[in-house]
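Sequential numbering of the sequence shown, starting at 914, is according to this note's numbering. Note that beta-carbon positions come from the ideal geometry of N, C-alpha and C, so glycine has one too. For clarity, every value in this text was computed on a predicted model and none was experimentally measured. Report on the structure given below.
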Amino acid sequence: MITVNIKKLIFPPYVEDLESQNFTEQNWTEAINVWDTNLSLLLRLQDAAFCNQMLQNESLHEFLGTFLGTRARSHNVKHNDKSEIELEKKVLAILLRVSEASKISSDQPENSTTLVDDLYTKNVISVPLLLDLAITYGKSNFTHTKKILDNIIDSVPKLMQDFEIHSTTVINYIKAIKDKFVEMGENVYEGEVVNFDSNIHDAKVYLSFILDIFITLDCLFTVFKPVVNIFNDKDDESFLLKIKTFYDETIPLISKLISENELNDLNILKHVSVSLAYHTLDACYFNPLGFTSIEGDNFSFIKCDENLNDDKIKDILAKMNDMLMYMIELSPLEKPVQCFVDAPLILDMEIEFDLNGKLTKIKNEISDGYPFNIYTCCFFFMTSNA
């Protein structure tokens, strides 16, 4: 550890599109060296000096924001360069240390605050930054990302209220995009499209919007389950049903509006939607029943909580049963389908995440004796796979 204060470290903003910023390869190499060196120095500081840099260094704030924001927007780009990988590790280490920082002293100890508290007050830590964090690291480094988010929310519970506000905005965006695709689909059906190329362009833009939203939520729901219920309980129609409607009704419309160049993005959207739906089901029903999955292993399902009382089990099972049966009843199941081509969401979730196996485990371990139709759900999935 560095035992003395050092002058304020300078962090250039992070960029990745070198041409648009008039960067040369030499500029990029120099920037990487500056970021790497200064992040290393920052990590070596003792706690007081580290906190001071985190609170007072505006260039550091801008670097962290631009790094996470840029990486979040380029979620489909793999960074294989060794220097880039090291940079990712150091940024994650900085954020982990921030989340674990102890109380910051003040003249009145009872009024002392955590580093996270003060960074939240300065708007350095915010919901947008946490979303970028989840997208950048949620899938590649689940354990540390979850720990950072848990620590930050524990330090600043008010962030859950901020997530509540953002959830309304996000749900409204999803509805607006869905309505736009429906409108474009109706125009095509009625022969009202004046400029076909413009229609394809609009469909491409809205496809990009909804893909970014679903990827963001899937990463967030993967690493931070408490926020899922905020979305799922937002209004009369659960978020899970919103995903189902978009998957079963809107995505088929999109496939008729886009060019062949966007088919890969549409396929990604389908897989992300299935993952998002499963993580919603997992957080709202499986996890409260005491079961957990190992991230990265879609078929793992472990009973981890034996302390649930009968009334709580009964209530959760009833809600889960109603949800699954409703999804089954509303799904277009009258004709043969191909998974991830024209199959409904409920069937693609079964194929991708083994819903039948998980429901069977729930039935065998905790639901026997309760008068619910989990048996019917299991039978449905078994016959659907036959």
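Based on the DSSP output, what are the partners of residue i in its beta bridges?
i       : result
Lys1216 : Phe1204
Buried or exposed for residue i, please, with buried defined as at least 16 other CB atoms from any protein chain shown within 10 angstroms of its CB.
i       : result
Thr937  : exposed
Phe1094 : buried
Val1029 : buried
Asn1234 : buried
Ile1090 : buried
Leu1176 : exposed
Thr1049 : buried
Asp1161 : buried
Ser1019 : Because the pLDDT at Ser1019 is just 43, under 50, the model does not fix this residue reliably, and the point stays unresolved.
Lys1169 : exposed
Asp1149 : exposed
Cys1252 : exposed
Val1136 : buried
Gly1203 : buried
Asp1195 : buried
Gln969  : exposed
Phe1214 : buried
Lys1271 : buried
Ser1244 : buried
Phe924  : buried
Val1107 : With a pLDDT of 49 at Val1107, under the threshold of 50, the modelled position of that residue is not reliable, and no figure is offered here.
Phe1266 : buried
Expressed to the nearest angstrom, what Euclidean distance is found between the alpha-carbon atoms of residue i and residue j?
i       : j       : result
Asp1255 : Leu952  : 48 Å
Met1073 : Leu1182 : 27 Å
Leu1246 : Val1011 : 50 Å
Leu1046 : Lys995  : 20 Å
Ile1061 : Leu977  : 15 Å
Pro1139 : Gln939  : 44 Å
Tyr1239 : Thr1158 : 12 Å
Gly1051 : Glu1242 : 34 Å
Val1185 : Leu1008 : 26 Å
Met1262 : Glu943  : 47 Å
Glu975  : Ile1038 : 12 Å
Lys1088 : Leu954  : 46 Å
Leu973  : Leu1120 : 34 Å
Gly982  : Leu1179 : 23 Å
Leu1043 : Thr979  : 13 Å
Lys1035 : Ile1279 : 47 Å
Val1118 : Glu1173 : 14 Å
Leu956  : Glu999  : 13 Å
Leu1230 : His1079 : 29 Å
Val1069 : Thr1129 : 21 Å
Glu1192 : Asp1224 : Note that residue 1192 is His in the sequence shown here, rather than Glu. For His1192 and Asp1224, the distance between alpha carbons rounds to 24 Å.
Ile1171 : His1114 : 8 Å
Leu1258 : Ile1143 : 22 Å
Val1141 : Ala1190 : 11 Å
Phe1292 : Ser1111 : Note that Phe1292 has pLDDT 48, beneath the 50 cutoff, so the model's placement of it is unreliable and the number below is only indicative. Cα to Cα, Phe1292 sits roughly 47 Å from Ser1111.
Using CA atoms only, rank isn't needed, just tell me which of the options is closest to residue i.
i       : options                               : result
Ala961  : Thr1027, Asp1067 and Pro1070          : Thr1027
Lys1216 : Asn1036, Leu1230, Phe1199 and Asn1054 : Phe1199
Val1248 : Cys1197, Leu1260 and Leu1046          : Note on identity: in this sequence residue 1248 is Lys, with Val being the wrong assignment. Minimum Cα distance to Lys1248 is reached at Leu1260.
Glu1013 : Asn1064, Leu1005, Asn965 and Phe1122  : Asn1064
Phe963  : Glu1001, Ile1275, Asp949 and Leu922   : Leu922
Lys1147 : Cys1197, Val1004, Leu1230 and Ala1116 : Cys1197
Lys920  : Ile945, Leu958 and Asn946             : Leu958
Lys1003 : Leu1032, Asn946 and Ile1078           : Asn946
Ile1126 : Thr1082, Ile1078 and Asn1112          : Thr1082
Ile1264 : Asp1067, Ser1188 and Ala1231          : Ser1188
Ser987  : Leu1272, Asp949 and Tyr927            : Tyr927
Asp1210 : Ile998, Phe1055, Leu1042 and Phe924   : Phe1055
Glu1163 : Gly1098, Glu999, Ala1190 and Lys1227  : In the sequence under discussion, the amino acid at residue 1163 is Thr, which differs from the Glu named in the question. Ranking Gly1098, Glu999, Ala1190 and Lys1227 by Cα distance to Thr1163 puts Gly1098 first.
Tyr1033 : Ile1207, Lys1059 and Lys1071          : Lys1071
Asn1085 : Ile1113, Ile1123 and Ile1066          : Ile1123
Ala985  : Ser1053, Thr950 and Asp1075           : Ser1053
Ala1116 : Leu1153, Ile1275, Phe1152 and Leu1166 : Leu1166
Leu1237 : Met967, Leu1005 and Ser1151           : Ser1151
His1057 : Ile1066, Leu1005, Asn965 and Pro1257  : Leu1005
Gly1041 : Glu1077, Asp1031 and Asp1067          : A small correction: the amino acid at residue 1041 is Pro; Gly does not occupy that position in the sequence shown. Taking only the C-alpha atoms, the option nearest Pro1041 is Glu1077.
Nearest chain B C-beta to residue i closer than 7 Å, yes or no?
i      : result
Tyr927 : Looking at the structure shown, chain B is missing, and only one protein chain is on hand.
Inset, instruction - Could you pull out every unbroken alpha helix (DSSP H) segment of at least 4 residues lying fully inside the region 1038–1112, listed in chain order? - result: Counting only runs of 4 or more, we get 1040–1050, 1055–1068 and 1071–1102.
Inset, instruction - Run through the region 1107–1144 for me and flag every whole alpha helix (DSSP H) of 4 or more residues, listed as ranges in chain order. - result: 1109–1136
Legend entry - Start-end ranges of the alpha helix (DSSP H) lying completely within the region 1147–1177, minimum 4 residues: 1152–1158 and 1164–1170
Inset, instruction - Any chance you could list the alpha helix (DSSP H) runs of at least 4 consecutive residues sitting entirely within the region 1215–1257, in chain order? - result: 1223–1243
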